[in-house]
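Participant:
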Amino acid sequence: MNDPIKKYLDQRADLESRPLVAGPLDGIEQVVAIPALAEREELAPTLECLAANPPDERRRTLVIVVVNNRSLPHCTPDRIEDNRQTLEFLAQAVQGNPPPALEGLRLAYVDASTGDKALPENQGVGLARKIGLDHGLNVLHRNAAPNGLLACLDADTHVEQNYLEALSNHFDRPDAWAAVVGFAHRLEVPPDQRAAILCYELFLRYHVTGLRHANSPYAFHSVGSTMACSPSAYAAVSGMNRRQAGEDFYFLQELGKTGHVEPIHSTTVHPSPRPSWRVPFGTGRRVSRFLERTHDEYCVYHPRTYTILHAWLAVVQAKTAEPANRVMNRAEAIDPALGTFLHAQRFNDTWTKLQQNAPDKTRFLAQFHRWFDAFKTLKLVHHLRDNGLPHQDLFESLDTLLKKTGQDIAPRSTNGLRENLDHQEELLTRLRTIA
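When you line the sequence shown up against the numbering used here, it's residues 9 to 443, in that order.
Quick look at the structure:
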């Protein structure tokens with residue numbers, strides 16, 4: 009079978025169990041997939057933001073909402089009832105009776121909530137995204153959209169009026185593979201919640217700044233509502249994974265292994281800063297944990313972590329022809345904890361096999377970074393944290409890292425920053441321009 013997209017649809021997509029409910033699909037060239045779990049109130053403003061995009065972009069875009077939950081007792085009756093109302097609302101809109109604010113928006117939906125359509129007990133947002141993206145891929149394949157794209161959004165994430173155009177422009181080239189849209193959490197919330205989301209987004213941007221300093225190919229944000237890819241890329245990574253949490257991290261990792269994940273700076277999505285019970289980690293859970301005050305959320309990875317990673321990746325880049333034992337010696341000289349980590353990962357065997365199988369330096373490095381991927385990078389970060397580089401204060405660490413990278417945008421003093429939310433927001437605003 010020569011068509012990888014058709015092969016994926018035939019072998020990995022289940023389009024029958026939870027069918028797509030939609031109007032005419034002619035002219036669809038791009039798809040935005042939105043999972044929704046008890047999001048009746050949050051979904052409408054998000055759809056209104058999409059409907060405010062230009063008419064030409066709306067005409068070529070299908071918005072697929074996957075209304076999902078697990079069955080009782082794994083989901084509460086009130087959330088199932090919320091989903092029932094959402095399905096009624098979407099049915100009216102798809103049948104040609106949308107509210108005025110959604111006129112011209114091409115909507116479709118999938119019922120993954122009712123009866124045997126509900127998600128399995130151990131499944132969640134990953135499967136919900138997969139259902140919507142699989143249906144979107146099928147529509148694009150049927151329409152033979154040459155520069156089609158699949159985008160992920162969340163039901164509580166607002167977009168700007170040029171969102172669809174920015175996606176279209178980015179993917180209107182044959183080499184476009186995957187992208188992450190710029191993001192900025194909404195900050196117009198009560199003080200405790202504002203403090204929580206400021207802290208979390210500052211941490212996210214600190215970490216990506218560190219990864220960029222290290223020249224990691226995985227130096228991009230893993231935020232589900234920012235992801236987009238080409239149909240070919242989606243099929244090449246075997247589609248979205250089914251994880252209940254972290255599905256965005258692993259999906260982007262696979263896209264990074266098979267191609268390039270590029271930033272889209274020309275528009276911004278605005279995720280909700282609300283606390284959430286939906287997943288065990290991520291934005292909503294971190295906000296909840298901040299509000300519960302069970303952890304010191306102003307602690308982050310030690311800035312030296314990224315210096316070690318930078319030095320290690322520089323050795324890899326420069327010493328591809330060296331034998332494994334000499335490369336290992338260089339790693340141990342950078343930091344003994346790096347050496348113990350690589351030993352545990354069976355580095356010597358992997359390095360030797362890469363040298364035997366990679367025909368040139370370019371392909372050697374590509375294969376190396378498929379092995380030393382985003383997850384292994386994070387494992388190293390945690391190993392260093394647990395072996396001599398404990399967590400440090402967020403603001404002092406950010407100041408250190410920014411000075412090291414030549415981007416001295418932090419305040420002159422970090423004293424009192426934990427209590428001054430306005431100064432934190434000023435810092436975040438500057439940081440958003442570089443990370």
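The beta-carbon is built from N, C-alpha and C at its ideal position, and this holds for glycine as well.
Owing to the predicted nature of the structure, the values given are computational and were not obtained by experimental measurement.
Please report the straight-line C-alpha distance between residue 441 and residue 275, rounded to a whole angstrom.
Facilitator: Going from the Cα of residue 441 to the Cα of residue 275 covers about 12 Å.
Participant: Mind checking whether residue 77 and residue 127 have CB atoms under 8 Å apart?
Facilitator: Yes, the pair counts as a contact, with Cβ atoms nearer than the cut-off.
Participant: What are the boundary residues of the beta strand (DSSP E) that residue 119 is part of?
Facilitator: Per DSSP, residue 119 belongs to the beta strand (DSSP E) from 115-120.
Participant: In chain order, which beta strand (DSSP E) runs of at least 3 residues are fully inside the region 245-313?
Facilitator: With a minimum length of 3 residues, the continuous beta strand (DSSP E) runs that stay inside the region 245-313 are 269-278.
Participant: Where residue 385 and residue 408 are concerned, what is the direct C-alpha to C-alpha distance, given to the nearest angstrom?
Facilitator: Residue 385 and residue 408: Cα-Cα distance of roughly 21 Å.
Participant: What are the boundary residues of the beta strand (DSSP E) that residue 57 is part of?
Facilitator: First-last for residue 57: 48-59, but that is the alpha helix (DSSP H), not the beta strand (DSSP E).
Participant: Contact defined as beta carbons within less than 8 Å: I believe residue 146 pairs with residue 23. What is the distance between those atoms, to the nearest angstrom?
Facilitator: 6 Å between Cβ atoms; contact.
Participant: On the DSSP bridge assignment, give the partners of residue 72 in chain order.
Facilitator: DSSP output for residue 72 lists 41, 116 as bridge partner(s).
Participant: For residue 30, which of helix, strand or coil comes out of DSSP?
Facilitator: Here residue 30 sits in strand by DSSP.
Participant: Between the C-alpha atoms of residue 363 and residue 371, what's the straight-line distance to the nearest angstrom?
Facilitator: One C-alpha to the other measures close to 10 Å.
Participant: Beta carbon of residue 281, beta carbon of residue 353: below 8 Å?
Facilitator: No, these two residues do not count as a Cβ contact at 8 Å.
Participant: With a CB to CB cut of under 6 Å and the five nearest residues on each side skipped, what residues in its chain are close to residue 350?
Facilitator: The residues are 339.
Participant: Following the continuous alpha helix (DSSP H) through residue 207, name the residue where it begins and the one where it ends.
Facilitator: Segment 199-221, the alpha helix (DSSP H) holding residue 207.
Participant: Of the residues 330, 313, 378, which one's Cα is nearest the Cα of residue 388?
Facilitator: Here the closest residue by C-alpha is 313.
Participant: Do the CB positions of residue 134 and residue 248 come within less than 8 Å of each other?
Facilitator: Yes; because the gap between Cβ atoms is below 8 Å, this pair is in contact.
Participant: List in chain order: all unbroken alpha helix (DSSP H) runs of 4+ residues lying wholly within the region 116-198.
Facilitator: If we require 4 residues or more, the alpha helix (DSSP H) runs fully inside the region 116-198 come out as 133-151, 171-179.
Participant: From what residue to what residue does the beta strand (DSSP E) around residue 236 run?
Facilitator: Residue 236 -> beta strand (DSSP E) spans 235-237.
Participant: Just verifying my parser: in three-state terms, what is the DSSP assignment at residue 426?
Facilitator: Residue 426 falls in the coil class under three-state DSSP.
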